[in-house]
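A quick write-up on the structure given underneath.
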Amino acid sequence: MKITFLGTGTSHGIPVIACGCPVCRSDNPKNKRLRTSVLIELGGKNILIDTPPDFREQMLRYGVKRIDAILYTHHHADHIFGLDDVRRFNEIQCGAIPCYAAKESLAVLKNIFSYTFNPPQIGGGVPQILLKEIPGEPFEVCGQKVEPVGICHGKITITGFRIGGFAYVTDCSRIPDASMRKLYNLKVLVLGVLRHEKHSTHFSVGEGVEAAKELGAERTFFTHMCQPLPHPKEGLRLS
Ligand SMILES: [Zn+2]
Ligand SMILES: [Zn+2]
Numbered sequence: 226m227k228i229t230f231l232g233t234g235t236s237h238g239i240p241v242i243a244c245g246c247p248v249c250r251s252d253n254p255k256n257k258r259l260r261t262s263v264l265i266e267l268g269g270k271n272i273l274i275d276t277p278p279d280f281r282e283q284m285l286r287y288g289v290k291r292i293d294a295i296l297y298t299h300h301h302a303d304h305i306f307g308l309d310d311v312r313r314f315n316e317i318q319c320g321a322i323p324c325y326a327a328k329e330s331l332a333v334l335k336n337i338f339s340y341t342f343n344p345p346q347i348g349g350g351v352p353q354i355l356l357k358e359i360p361g362e363p364f365e366v367c368g369q370k371v372e373p374v375g376i377c378h379g380k381i382t383i384t385g386f387r388i389g390g391f392a393y394v395t396d397c398s399r400i401p402d403a404s405m406r407k408l409y410n411l412k413v414l415v416l417g418v419l420r421h422e423k424h425s426t427h428f429s430v431g432e433g434v435e436a437a438k439e440l441g442a443e444r445t446f447f448t449h450m451c452q453p454l455p456h457p458k459e460g461l462r463l464s
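Position one of the sequence shown corresponds to residue 226 (our numbering), numbered consecutively onward.
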């Protein structure tokens, strides 16, 4: 399995428009953070998690040649608004791309991208996607077992994903006990933290460190960080 971090920034992206803070003005390329998304290469297939507004730039920057399936964590703008540019992969692959999302997120996708579905069109400049509802149990994507993990994001529940020893949990303010149990014995955990201060819909760094310690993955990577968080020269030590 190869994981590519296509973006690790919060909803504004870093640098933030018209912001003069040291991180936004930093020369460190790691502080140029596109909106949050990862690409999973596994078994000869490319599985993408979320299509943020930076989708097109991410595909160009990382030279992605095909997308076999898309998993959606939830329907907030910073996670879905790049979907229209999936069109190019429809052309290359001569077909629609399956997109998996929870029931509530499917309804929002159908509404926001209604031109794709209503009236249904094929080709002609609209993305071709096959919407599929994520069930409440493990399901198969591109021949791989994907376990959905319910995550609290403020008042809504969003979807984290576990594939083998890898799990992706962004936009998280609390991980319910039943979901914690699905996230032990990981090689790699990707966990969303926003900033040092508390926030109503995202983990702070301290809360993320506590969750990471409890889950004990071999490696934990933070994502979805806003601009007061510079990339340290070395990773944070949890002990
Ligand atoms: Zn969100
Ligand atoms: Zn977000």
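Cβ atoms here follow ideal geometry from the backbone N, Cα and C, with glycine treated the same way.
Taking buried to mean at least 16 other C-beta atoms within 10 Å of its own C-beta, is residue i buried or exposed?
i           : result
residue 250 : exposed
residue 332 : exposed
residue 317 : exposed
residue 271 : buried
residue 441 : exposed
residue 401 : exposed
residue 385 : buried
residue 396 : buried
residue 393 : buried
Return the CA-CA distance between residue i and residue j, expressed in angstroms with no decimal places.
i           : j           : result
residue 374 : residue 403 : 9 Å
residue 454 : residue 350 : 39 Å
residue 237 : residue 451 : 8 Å
residue 433 : residue 387 : 18 Å
residue 359 : residue 378 : 18 Å
residue 430 : residue 418 : 6 Å
residue 425 : residue 315 : 38 Å
residue 337 : residue 380 : 21 Å
residue 414 : residue 445 : 5 Å
residue 300 : residue 278 : 12 Å
residue 391 : residue 243 : 36 Å
residue 407 : residue 240 : 35 Å
residue 330 : residue 439 : 29 Å
residue 246 : residue 362 : 44 Å
residue 376 : residue 409 : 15 Å
residue 180 : residue 254 : Because the chain in this structure spans residues 226 to 464, residue 180 falls outside the shown range and cannot be described.
residue 435 : residue 305 : 29 Å
residue 289 : residue 252 : 25 Å
Are residue i and residue j close, meaning C-beta to C-beta below 8 Å?
i           : j           : result
residue 421 : residue 398 : no
residue 276 : residue 307 : yes
residue 321 : residue 355 : yes
residue 284 : residue 389 : no
residue 309 : residue 261 : no
residue 327 : residue 334 : no
residue 448 : residue 298 : no
residue 263 : residue 235 : no
residue 352 : residue 291 : no
Enumerate in chain order the residues of its own chain whose CB-to-CB distance from residue i is below 7 Å, with the five nearest sequence positions on each side excluded.
i           : result
residue 364 : 371
residue 231 : 259, 262, 263, 264, 283, 287
residue 437 : 414, 416, 445, 463
Beta-carbon within less than 8 Å of residue i's beta-carbon, same chain only, minus the 5 sequence neighbours each way: which residues are those?
i           : result
residue 367 : 267, 268, 270, 272, 293, 294
Skipping 5 residues on each side, what residues in its chain have a beta carbon closer than 6 Å to that of residue i?
i           : result
residue 323 : 294, 355, 357
residue 248 : 256, 452, 455
residue 174 : Nothing in the structure corresponds to residue 174, since the chain is present only between 226 and 464.
residue 443 : 412
Output yes if chain C places a C-beta closer than 8 Å to the C-beta of residue i; else output no.
i           : result
residue 318 : Going by chain labels, chain C is absent from the structure shown, which holds only one protein chain.
Opposite residue i in the DSSP bridges: which residues?
i           : result
residue 377 : 382, 399
residue 404 : Beta-bridge pairing links residue 404 to no other residue.
residue 448 : 417
residue 387 : 372, 392
residue 227 : 266
residue 339 : Looking at the DSSP assignment, residue 339 forms no beta bridge with any residue, so it has no partner.
residue 271 : 266
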